[in-house]
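Take the sequence shown: its position 280, counted from the start at 1, is 290 in our numbering, and no numbers get skipped.
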Amino acid sequence: MSFGLEIDFLAVAGLVKQIRKSFVGAPEQFKAISDDIRAFSIILHDIEVNCTELGPEQSQEYQSVVASCKRLLVQLKRTLEEYSGVAKGDKTGKRTAIKRVWNRLKWEPDDIRDIRSQISVKIDTLRSLNDQVTSHNIVKLIRHQENTEREATIKWISDINYIAQQNDIFLRCQTGSRKWLFESEIYLEWLRRKGSLLFCPGNAGTGKTFTTAMVVESLRLANDAETLTTYMYCSYQNHTQTIEKLLCSLLRVAFEEADYEADGAVSACKQLRLSNKSISRQHCLTLLQGLFSRFTRVNLIVDALDELPNEVRRPLIYDLLKLHEHPNVSLFVTSRGIPEIQHFFEDCENYTSLEVRSSDEDIRDFLRDNIFQLPNFVARSQKLQDEVIDSVTDASAGMFLLAELYLKSLANIILVGSLRTRLSNLATGSNTYDTLYEGSMLRIGFQGPELEHIAIQMLLVLTCARRPLSSQELSHALSIDESSEDFDEDMIPDMDDLVAACTGLVVLDDTSHIVHLVHKSASEYFERTRTRWFPSANEKMAFICLRYLQIAEKEPEETRGDKAPFFYYAKANWCYHSMENWQLFSSLSSK
Numbered sequence: 011m012s013f014g015l016e017i018d019f020l021a022v023a024g025l026v027k028q029i030r031k032s033f034v035g036a037p038e039q040f041k042a043i044s045d046d047i048r049a050f051s052i053i054l055h056d057i058e059v060n061c062t063e064l065g066p067e068q069s070q071e072y073q074s075v076v077a078s079c080k081r082l083l084v085q086l087k088r089t090l091e092e093y094s095g096v097a098k099g100d101k102t103g104k105r106t107a108i109k110r111v112w113n114r115l116k117w118e119p120d121d122i123r124d125i126r127s128q129i130s131v132k133i134d135t136l137r138s139l140n141d142q143v144t145s146h147n148i149v150k151l152i153r154h155q156e157n158t159e160r161e162a163t164i165k166w167i168s169d170i171n172y173i174a175q176q177n178d179i180f181l182r183c184q185t186g187s188r189k190w191l192f193e194s195e196i197y198l199e200w201l202r203r204k205g206s207l208l209f210c211p212g213n214a215g216t217g218k219t220f221t222t223a224m225v226v227e228s229l230r231l232a233n234d235a236e237t238l239t240t241y242m243y244c245s246y247q248n249h250t251q252t253i254e255k256l257l258c259s260l261l262r263v264a265f266e267e268a269d270y271e272a273d274g275a276v277s278a279c280k281q282l283r284l285s286n287k288s289i290s291r292q293h294c295l296t297l298l299q300g301l302f303s304r305f306t307r308v309n310l311i312v313d314a315l316d317e318l319p320n321e322v323r324r325p326l327i328y329d330l331l332k333l334h335e336h337p338n339v340s341l342f343v344t345s346r347g348i349p350e351i352q353h354f355f356e357d358c359e360n361y362t363s364l365e366v367r368s369s370d371e372d373i374r375d376f377l378r379d380n381i382f383q384l385p386n387f388v389a390r391s392q393k394l395q396d397e398v399i400d401s402v403t404d405a406s407a408g409m410f411l412l413a414e415l416y417l418k419s420l421a422n423i424i425l426v427g428s429l430r431t432r433l434s435n436l437a438t439g440s441n442t443y444d445t446l447y448e449g450s451m452l453r454i455g456f457q458g459p460e461l462e463h464i465a466i467q468m469l470l471v472l473t474c475a476r477r478p479l480s481s482q483e484l485s486h487a488l489s490i491d492e493s494s495e496d497f498d499e500d501m502i503p504d505m506d507d508l509v510a511a512c513t514g515l516v517v518l519d520d521t522s523h524i525v526h527l528v529h530k531s532a533s534e535y536f537e538r539t540r541t542r543w544f545p546s547a548n549e550k551m552a553f554i555c556l557r558y559l560q561i562a563e564k565e566p567e568e569t570r571g572d573k574a575p576f577f578y579y580a581k582a583n584w585c586y587h588s589m590e591n592w593q594l595f596s597s598l599s600s601k
């Protein structure tokens, strides 16, 4: 209820209560009006129960009726007082009883009859309004139940949330960049022609994923009711990926972006969910094709195909091309420039290609917006800022990731001379990424033994994990050590502190709360140097998983997932991590 309606409602309810009490001892001629007031009391109770959440128009309508009821009841109260008086009764203790003395009448007075007629109209009006609200509430309840079922089905289809990923990546994009793409004739032609295919290769670190996010966002903003934009972000992080899971992740985001246009297909998936059946690859393709046919244009965006293993990538490309056969489906794909991948698309009708790159102006804008990361002596000197921007832009050679890593490598310098020396010796060439990652690892070591230990543990877990981990999962995993017997809240590290300790090598996505290495090239670096940085990595992962399972099993099964977030990962993957060290498994199992 609105505030004004609530005040009027309480006033009317109070008047009804007073008037009902006043009918005690009233002659028979007042029985009808007494019954009307009782009916009035009942309808007010129904309103109180049903009308807790009213829209502005409904509140205004109710307030108008309730206010008129208030005036009518005040009139009735005065009229009743004319037909009765107040007299003192017998003394009860220290108090004197007060009772109403009614005039004896042979018939119902005309003024009472007139008020009864008006009360009857008000009751009918309130009942009508109440029925409308009740009906509306039933519709809302049904809709809420349908939405709950829909959400449960969509989450069952896939646990990969591309919308959250899209929002996270786009928030980190450089505003106003990628003009080279959005103003290029090749891209504009792809926009104009339905059924076209644009393949965008690019080297590591050129910003392919950020480019994809900006394309997706621009298309979503331009969507109308006849256009669907759907997308997928392939990831090297998920080692348990299959073609079925990938197609289901695409199906999920297509359903979410299509909204209620997808209701029929969602219902079909709901039946599979309730029957405990999975969605086959062919069924998934059929559902996507059926959904796509409902739109006059479909923008299908796929990022980082190169990050998938061959056994998954090849069938996915085949299925993408099957979807692209529909004349209204336009396909946009990014990948590293791997000839095998490009050859799959080159023979397609309406094929075009545009290399992903970062212009010097894009990188300069990025550096200007992030120069605050450097020490105060740089912030106070425009000349030093210009030197940093010029040197980093030249050394980056069109690589956004390099510019970001260079900037982070300068963050701890405190002398102007040291800064200029570092700028004149920025790493370039084929081993640039490795050199920068080496520098990041050295900076981790300079932070002291405790921060170094937890940062190395975090990088180990992220390198070895078989799927992306949430911040809760990761922080819980890192709370486990050789002495752990129970979960100790005091031993769970703060994720922001962990990310900072990793000196730019780790990113926490704000929307999805997924924690990951800064780039695929970082993952490749740690894979090459695993024995150096993480000796016995799988042994340590197996220990964390098995010890975590032992502790988690003490928790009630119904609350285990909430109190032990890393439990499901540990349960699914302890065996994989234990394969290299069965002795560890035996010793822990015997405890």
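The C-beta atom is built at its ideal place from N, Cα and C for all residues, glycine as well.
Excluding sequence positions up to five before and after Lys80, its CB lies within less than 8 Å of the CB of Asp18, Ala21, Val22 and Leu25, all in the same chain and listed in chain order. Between Gly427 and Ser368, the CB-CB gap reaches or exceeds 7 Å. Its chain contains Asn171, Ala174, Gln175 and Asp178 as the residues whose beta carbon lies nearer than 7 Å to that of Ser522, once the 5 sequence neighbours on both sides are disregarded; these appear in chain order. Cβ neighbours of Phe410 within its own chain (closer than 6 Å, five residues either side excluded): Gly217 and Ser368. In the displayed model, Cys294 falls within a helix according to three-state DSSP. Taking C-beta separations shorter than 6 Å and ignoring five residues to either side along the sequence, the partners of Glu271 in its chain run Arg304, following chain order. For Pro211, the enclosing beta strand (DSSP E) stretches over residues Leu207 to Pro211.
CA-CA distance, Ala278 to Arg230, rounds to 26 Å. Ser345 has Pro211 as its beta-bridge partners, per DSSP. According to the DSSP secondary-structure assignment, Asn309 is paired through a beta bridge with Thr239 and Ser340.
With respect to the 7 Å criterion, Ser168 and Ser259 are classified as neighbours on the basis of their beta carbons. A straight line joining the alpha-carbon of Phe576 with that of Ala487 spans about 6 Å. In chain order, Ser419, Leu420 and Ile423 place their CB closer than 8 Å to the CB of Arg432, counting only its own chain and leaving out the 5 sequence neighbours on each side.
By the beta-carbon neighbour count (other beta carbons within 10 angstroms, threshold 16), Met505 is buried. Excluding its 5 nearest sequence neighbours in each direction, Leu181 has C-beta neighbours in its own chain below 8 Å: Asp520 and Thr521, listed in chain order.
Taking the Cα of Ser130 as reference, the smallest distance to any Cα among Val75, Ala562 and Arg307 is reached at Val75. Across the set Gln128, Arg390 and Glu359, the C-alpha of Gln128 shows the shortest separation from the C-alpha of Val84. Judged by DSSP secondary structure, Tyr447 falls within the alpha helix (DSSP H) whose first and last residues are Thr442 to Gly455. In the structure shown, Leu518 falls within a strand segment according to DSSP collapsed to helix, strand and coil.
Cβ-Cβ distances below 6 Å link Met501 to Ser489 in the same chain, with the five nearest sequence neighbours on each side left out; the list follows chain order.
When the Cα atoms are used, Phe376 and Thr403 turn out to be separated by approximately 10 Å. When the Cα atoms are used, Glu567 and Tyr578 turn out to be separated by approximately 12 Å.
Counting along the chain, the unbroken beta strand (DSSP E) around Ile524 starts and ends at Ile524 to Leu527. DSSP places Tyr579 inside the alpha helix (DSSP H), whose first and last residues are Phe577 to Ser588. Rounded to the nearest whole angstrom, the CA to CA distance from Ile351 to Trp543 is 33 Å.
With at least 16 other beta carbons inside 10 angstroms of its own, Gly514 counts as buried. For Tyr246, no alpha helix (DSSP H) segment is defined, and its DSSP state is neither H nor E. Between the segment 144-154 and the segment 200-220, the count of Cβ pairs shorter than 8 Å is below three; the stretches do not touch. Tyr361 has Leu207 as its beta-bridge partners, per DSSP. For Leu412, the number of other beta carbons within 10 angstroms of its own is at least 16, and it is reported as buried. In this structure, Leu295 lies away from Asp316, with their beta-carbon atoms at least 7 Å apart. Here Gln70 is exposed: its Cβ has fewer than 16 other Cβ atoms, across all protein chains shown, within 10 Å. Taking Arg188 as reference, the option from Ser228, Asp124 and Lys332 with the minimal CA-CA separation is Ser228. Going by beta carbons, Ala547 and Cys474 fall inside the 7 Å limit. Taking the C-beta atoms as reference points, Leu297 is found no nearer than 7 Å to Val339. The criterion of a C-beta distance shorter than 7 Å is not satisfied by Val366 and Thr185.
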